[in-house]
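Number of protein chains: 2
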Amino acid sequence: MDRHLVISSDCHAGLQPERYRDYLDPKHRDAFDAALPIQIAMIEEAEKKFLVKDINEQWREGHDQALSGAWDHDARVRVLDADGVAGEIIFPDGITEKNTPPFGAGLGLPTEGVDAELQWAGARAHNRWLAELCEMAPERRVGVAVVPALWDVEAAADYVRELRKTDFRAILIPTIWGSFDPYHHPRYEPLWSVCEELEVVIHFHSGATPRRDHFGTWPAEGSEMLQGALGVYLTEVCWFVARPLTYLVWGGVFERHPRLKVAITEGTCSWAPELLKLMDLRYDHGMEDQKLGNYRDHLSLKPSEYFRRNVALGASCVRRSEVERRHEIGIDTIMWGTDFPHPEGSWPHTREEMREVFTGLPDDEVAAMLGGNAARFYSFDTEKLAALVARIGPEKQEFRGAPPELVGTRAY
Amino acid sequence: MDRHLVISSDCHAGLQPERYRDYLDPKHRDAFDAALPIQIAMIEEAEKKFLVKDINEQWREGHDQALSGAWDHDARVRVLDADGVAGEIIFPDGITEKNTPPFGAGLGLPTEGVDAELQWAGARAHNRWLAELCEMAPERRVGVAVVPALWDVEAAADYVRELRKTDFRAILIPTIWGSFDPYHHPRYEPLWSVCEELEVVIHFHSGATPRRDHFGTWPAEGSEMLQGALGVYLTEVCWFVARPLTYLVWGGVFERHPRLKVAITEGTCSWAPELLKLMDLRYDHGMEDQKLGNYRDHLSLKPSEYFRRNVALGASCVRRSEVERRHEIGIDTIMWGTDFPHPEGSWPHTREEMREVFTGLPDDEVAAMLGGNAARFYSFDTEKLAALVARIGPEKQEFRGAPPELVGTRAY
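Order-wise, the sequence lines are chains B and H. Note that the numbering used here gives residue 217 to position 147 of the first sequence, counting from 1, and the numbers run on in steps of one. Note that the numbering used here gives residue 333 to position 263 of the second sequence, counting from 1, and the numbers run on in steps of one.
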C-alpha cells in the first residue's frame with residue numbers, strides 16, 4: 071500500500087436546530103417548540119459576542135455546499151474524500167455551534183441551567199439521527215453517542231447497553247461535573263463496567279469549562295463579559311478536558327477495568343508528558359508526600375502505564391511541536407483529526423496542514439498518527455476501507471523528504 | 071564573599087493553638103474558647119486519617135527543641151543558622167498543621183464552613199503575633215500577613231494600608247475563590263492598586279484545592295475518604311496554586327499595575343514552561359482561536375513577559391529536575407526554600423539537599439536561586455545580612471565540582 075489510511079479522530083455532525091424535532095419523543099415536542107427560538111437567539115448572541123460573527127461568516131463564505139456536510143451524507147463524503155480521510159469519529163455540534171442538539175445535549179453537556187429529562191431527550195434525539203448518518207457509511211463512521219451520565223448513572227449504564235444493540239461503540243460523557251460527584255466516586259462504577267464489558271469507548275471532548283470561573287455571570291442580563299475571560303478560557307480549556315484522567319487513574323478505574331478505553335479529544339497532547347511525569351512522581355512518592363500516608367496501594371501499575379494501556383488522545387489538528395514530542399507523549403497514543411466542520415479545524419486546508427506537520431517523519435510513525443492508532447483503538451475494519459484508501463488516501467511519498475519550512479497555522 | 075546568601079522563600083510559623091487567644095480582639099475570645107477544642111480535635115482527626123500520625127511522630131521524635139522554632143525566636147535562630155539560612159519568608163501554619171491560626175485563618179483560607187468576621191479576627195491575631203516574631207530579627211524575617219481578601223475587597227485594601235504602617239511588606243490571599251469572583255474580576259482592583267502602590271508582595275501558597283472535587287463529602291460524619299482522593303490532590307494541588315496567574319495575566323492586572331509583585335509559593339516550578347508557552351501561543355493566536363475574536367488587545371506584553379517582570383516562584387525545595395530547566399523557567403524567577411518546619415521540607419537535611427540539587431551549576435546561578443532572587447524580590451537589606459552570611463552561609467566551594475550522584479529525595 072503506497073497510501074496512508076487516514077482516520078479523523080475528531081469530526082462533528084449535527085442537524086439544523088429545527089430538524090431535531092422529528093427525532094424527539096413526541097411528548098417533548100411542545101417543549102422543543104417553545105425552546106427553539108430561544109436556542110437560536112442564544113446561538114446568534116454567542117456568535118455576536120463570543121464567537122465573532124464576521125470571522126465565522128468570512129470563513130463560511132462560498133462553503134455552503136461543503137459545510138452542509140455537517141448533516142448531509144453526500145456533501146460529507148465529498149469533503150472527507152477530498153481531504154483524504156477514510157474514517158472518522160463523529161461528535162455532536164456541526165458548523166461551529168450552529169448545529170447543536172436541543173436542550174443542552176451538545177458537546178458541553180452542562181448540568182446547570184438545563185433540565186435532566188429534556189437533556190436526555192435531546193441526547194436521544196441526536197443519537198437517533200446520528201445512527202442514521204452512520205448507517206449510510208458504517209465502515210467509515212464511528213458515531214459518538216451523547217450520554218448525560220451525571221444525573222443517574224444506572225440509567226446511563228442501561229442506555230449504553232441499549233445503544234450497543236445498534237452500531238454504537240462510543241459515547242461522550244461530561245467533562246465538567248459541576249456539583250455532581252467527581253469521577254473517582256464509586257457511584258460511576260456501573261458505567262465503567264458496562265463500557266468495559268461491551269467495548270464502548272468513553273470520550274471527553276474539550277469545550278466545557280467551569281463557566282462562572284471564566285465568564286462570571288455573563289451572559290446574564292445586564293452583565294458584561296469579564297476582560298480576559300477568553301484568554302483564561304483558552305488557557306484552561308485543555309486542562310479541563312484532560313482532568314478526568316487524573317480521577318480515573320487515582321480512583322483505580324483502570325485498575326478495576328483493565329480493558330476500559332478512554333479517549334481525550336481536541337485537548338492537544340502537549341499537557342501529557344508533564345502530567346504523566348507528575349503522576350508517576352507522586353506514585354513513586356518521596357519524603358514530601360509521606361505525611362499523607364499510603365495512597366497508592368490499590369494501584370498495581372504506574373499512572374503512565376494505565377495511560378499507555380487504556381487511553382488514546384483524539385489529538386485533532388496536532389501541531390508540529392506536539393508531533394516532535396511524540397515519543398514522550400506515546401507514539402501509539404496520538405490520533406490526528408480534522409475537526410471538520412469547525413473553523414478552528416484543518417479543513418479546507420487539510421492536505422497542506424498534514425504535510426506541514428508530518429513531513430520528514432518515518433512512514434510507520436506517520437501511519438500510526440494519521441490513522442493506524444485510531445483504526446486499532448476504535449476497531450475499524452481496515453479491510454473494508456482498503457479500496458477507499460487506495461482511491462483517496464494521501465500518498466506516503468508526500469510525507470517523505472525534508473520537513474517543509476514551518477509557516478502555517480500548525481507550525482508552532 | 072566566599073559564602074552564599076541563602077534566603078528561604080518558604081518557611082512557616084505559628085503559635086500553639088491556645089496561645090492565639092491573647093492576640094485576639096477580646097470580643098472574639100468567647101468564640102475562641104468554644105472553637106478551640108473543636109479545632110484541636112479536627113487537627114488530631116486529620117492527622118489520624120489524612121496526615122499519617124506515626125510518620126509525623128517519627129519525624130518529630132527527638133526534634134521537640136528544634137520544632138519549637140515554629141514559634142520560639144531562639145530555637146528558630148538556631149535551626150536557621152545551622153541550615154545556613156540568613157533570611158526567610160514566613161507563612162502561617164507551623165509544625166505541619168498543628169499551629170494554624172484560629173477560625174480558618176491559616177494557609178488554606180477557605181470560604182466555606184467559616185465565618186467571615188471570625189476568619190478576619192483569626193488573621194489579625196496571627197498577624198499581630200507574627201509581627202512580634204519578625205521584629206525580633208527584622209533584617210532576617212519577612213512575615214506574610216494573612217488577608218482573607220475575598221469577603222470584602224475594600225476592607226482588605228484598607229487593611230493592607232494599615233499593615234504597611236508596620237514592617238509588613240507581604241500578604242497571603244486565597245488561592246481558591248470558591249463561589250466568589252475569580253481574580254480577573256474588576257472588584258479586586260483596589261487590592262491590586264494598594265499592593266502596587268505600597269510595594270506589598272502578594273502570595274499564593276499551595277495547599278488549598280476545591281475540597282469536594284478531591285475528597286467528596288469527607289470528613290462529614292459517616293462519610294469515607296474517596297479512594298484515590300490523595301493522589302488526585304497531589305496531582306492537582308500545584309496546578310491550583312499557579313491558577314491565579316492565568317487570571318491576573320489575561321485580566322490585565324499586570325498591564326495596569328506594572329510594579330505589582332506576585333509570588334507563587336511551594337507549587338513547584340515544573341508547570342511554568344508549559345503554561346507560559348501555552349499562554350504565549352494563545353496570545354500569538356493562530357487560525358484556531360480566531361473564532362473567539364480579539365481577546366488580547368488590552369495586553370501590551372506577552373504573558374511570559376508579564377511573568378518575567380511581575381512574578382517570582384517561591385519554589386521551596388526544588389528538585390534537581392527543576393533546576394535543570396532553570397533557563398526555561400527563568401533563572402531570575404526561582405527562589406529556593408526549606409519549608410521549615412514542615413516534614414515535606416528539607417530540614418533536618420537542608421545542607422545535603424542543597425548540595426544534591428545545586429552542585430555543579432555556575433556560582434552566580436546557584437547564588438540567584440539560593441538567595442539573590444529573593445533578596446531582590448523582597449528588598450532584603452543585604453548589607454545588614456553580610457556579617458551573618460559570613461558566619462553561617464554555605465561556602466560557594468561546596469557547590470563546585472561534579473554533580474553528586476542523585477540518590478536523595480530531591481533527585482528526581
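Glycine is no exception: its CB is placed at the ideal position from the N, C-alpha and C atoms.
What number of angstroms, rounded off, separates the C-alpha of H:E294 from the C-alpha of H:Q109?
-> Their Cα atoms are separated by approximately 20 Å.
Range of the contiguous beta strand (DSSP E) that encloses H:E285 = This sequence places Phe at residue 285 of chain H; Glu is not what is there. H:F285 -> not in any beta strand (DSSP E); alpha helix (DSSP H) instead, spanning 281 to 285.
By Cβ distance, which residues of its chain are closer than 6 Å to H:M357, with the 5 residues on each side in sequence left out?
-> With a pLDDT of 46 at H:M357, under the threshold of 50, the modelled position of this residue cannot be trusted; read the value that follows with caution. Excluding positions up to five away in sequence, the list is empty.
For B:Y317, return the contacting residues in chain H, with the cut-off set at a CB-CB distance below 8 Å.
-> Within chain H, the residues near B:Y317 are G298, V302.
Does the beta carbon of H:P252 sit closer than 8 Å to a beta carbon anywhere in chain B?
-> At least one CB of chain B lies nearer than 8 Å to the CB of H:P252.
Would you tell me roughly how many angstroms separate the C-alpha atoms of B:K123 and B:R461, rounded to the nearest one?
-> Cα to Cα, the separation comes out at about 37 Å.
Is H:H196 helix, strand or coil by DSSP?
-> In the structure shown, H:H196 sits in a helix (DSSP, three-state: H, G or I).
Where does H:G248 land, buried or exposed, given buried means 16+ other C-beta within 10 angstroms?
-> Exposed: under 16 other Cβ atoms inside 10 Å.
Would you check if the region 89 to 103 of chain B and the region 185 to 201 of chain B touch, i.e. whether three or more CB-CB distances between them fall below 8 Å?
-> Under the three-pair Cβ rule at 8 Å, the region 185 to 201 of chain B counts as touching the region 89 to 103 of chain B.
For H:S491 and chain B, any beta-carbon pair shorter than 8 Å?
-> It is not possible to answer for residue 491 of chain H, since the shown part of chain H is limited to 71 through 482.
For H:C465, does the three-state DSSP call read helix, strand or coil?
-> Residue 465 of chain H is actually Glu in this sequence, not Cys. Looking at H:E465 - three-state DSSP - the assignment turns out to be strand.
Nearest to H:W417 by alpha carbon, out of H:A111, H:R130, H:I125?
-> From the listed residues H:A111, H:R130, H:I125, the smallest Cα separation to H:W417 is found for H:R130.
If B:G178 and B:G277 are in contact, beta carbons under 8 Å, what's the gap, nearest whole angstrom?
-> Going by Cβ atoms, the distance from B:G178 to B:G277 rounds to 5 Å, so yes, they are a contact pair.
CA nearest to the CA of B:R379, picked from B:Y353, B:V184, B:V323 | Nearest of B:Y353, B:V184, B:V323 to B:R379, Cα basis: B:V323.
Is the CB-CB distance between B:Y258 and B:V223 below 8 Å?
-> Closer than 8 Å, so yes.
Determine the DSSP secondary structure at H:R489, reduced to helix, strand or coil.
-> The shown model of chain H, from 71 to 482, leaves out residue 489 of chain H, and the question about it has no answer.
How big is the Cα-Cα spacing for H:L351 and H:P373?
-> Counting only the Cα atoms, H:P373 lies some 9 Å from H:L351.
Specify the secondary structure class of B:L242 as computed by DSSP and reduced to three states.
-> In the structure shown, B:L242 adopts extended strand secondary structure according to DSSP, grouped into three states.
Residues near B:T279 in its chain [Cβ-Cβ closer than 8 Å; skip 5 each side] = Apart from the 5 residues on each side of it in sequence, B:T279 sits with its Cβ closer than 8 Å to the Cβ of I246, Y303, E306, V307, F310 in its chain, given in chain order.
Residue-chain proximity (H:R306, chain B), Cβ-Cβ < 8 Å | In the sequence as presented, Arg is not what sits at residue 306 of chain H; that position holds Glu. Yes, H:E306 lies at the interface with chain B (some Cβ there is under 8 Å from its Cβ).
Cβ atoms of H:A195 and H:N169: under 8 Å apart, would you say?
-> No; because the gap between Cβ atoms is not below 8 Å, this pair is not in contact.
If contact means a Cβ-Cβ distance below 8 Å, which residues of the region 418 to 436 of chain H contact chain B?
-> For chain B, none of the residues of the region 418 to 436 of chain H brings a beta carbon within less than 8 Å of one of its beta carbons.
So is B:E426 buried or exposed if we call it buried at 16+ other beta carbons inside 10 Å?
-> Buried.
Take the Cβ of H:H397 as the centre, count every other Cβ of all protein chains shown within 10 Å, and call the residue buried at 16 or more, exposed below.
-> Classification of H:H397: exposed, given that the 10 Å Cβ count is below 16.
B:S386 lies in the beta strand (DSSP E); which residues open and close that run?
-> Counting along the chain, the beta strand (DSSP E) containing B:S386 begins and ends at 381 to 386.
For B:P411, which of B:E422, B:C387, B:I401, B:C339 has the nearest alpha-carbon?
-> Nearest of B:E422, B:C387, B:I401, B:C339 to B:P411, Cα basis: B:C387.
Determine which residues of the region 324 to 350 of chain B have a Cβ less than 9 Å from any Cβ of chain H, and write them out in chain order.
-> When C-beta distances to chain H are compared with 9 Å, the residues of the region 324 to 350 of chain B below that value are T338, S340, W341, P343, E344, L345, K347, L348, M349, in chain order.
Kindly list the residues whose CB is nearer than 8 Å to the CB of H:I160, restricted to its own chain and excluding five residues on each side of it in sequence; keep chain order.
-> Cβ neighbours of H:I160 beyond the five flanking positions: C81, H82, A83, L200, L203, C204, R211, V212, G213, V214.
Assuming H:R234 and H:V270 form a contact by the criterion Cβ under 8 Å, report the distance between their Cβ atoms to the nearest whole angstrom.
-> Beta-carbon to beta-carbon, H:R234 and H:V270 are separated by about 6 Å, close enough to satisfy the 8 Å threshold.
Return the Cβ separation of B:T452 and B:A445 in integer angstroms, given the expectation that the two are a contact with Cβ distance under 8 Å.
-> Right, their Cβ atoms sit about 5 Å apart.
Report the option in B:P289, B:L345, B:D237, B:A227 whose CA atom is closest to the CA atom of B:A207.
-> Among B:P289, B:L345, B:D237, B:A227, the Cα nearest to that of B:A207 belongs to B:D237.
Considering only the beta carbon of each residue, do H:E117 and H:N126 sit closer than 8 Å?
-> The answer is yes: Cβ separation under 8 Å.
Can you say whether B:Q467 is buried or exposed, counting buried as having 16 or more other CB atoms within 10 angstroms of its CB?
-> Taking all protein chains shown into account, B:Q467 has fewer than 16 neighbouring C-beta atoms within 10 Å of its C-beta and is therefore exposed.
State the beta-bridge partners of H:T335 as determined by DSSP.
-> Bridge partners of H:T335 according to DSSP: H:H275, H:G384.
Does DSSP put B:A215 in a helix, a strand or coil?
-> Strand, per DSSP.
Backbone secondary structure at B:H74 - three-state DSSP = Coil at B:H74, not helix or strand.
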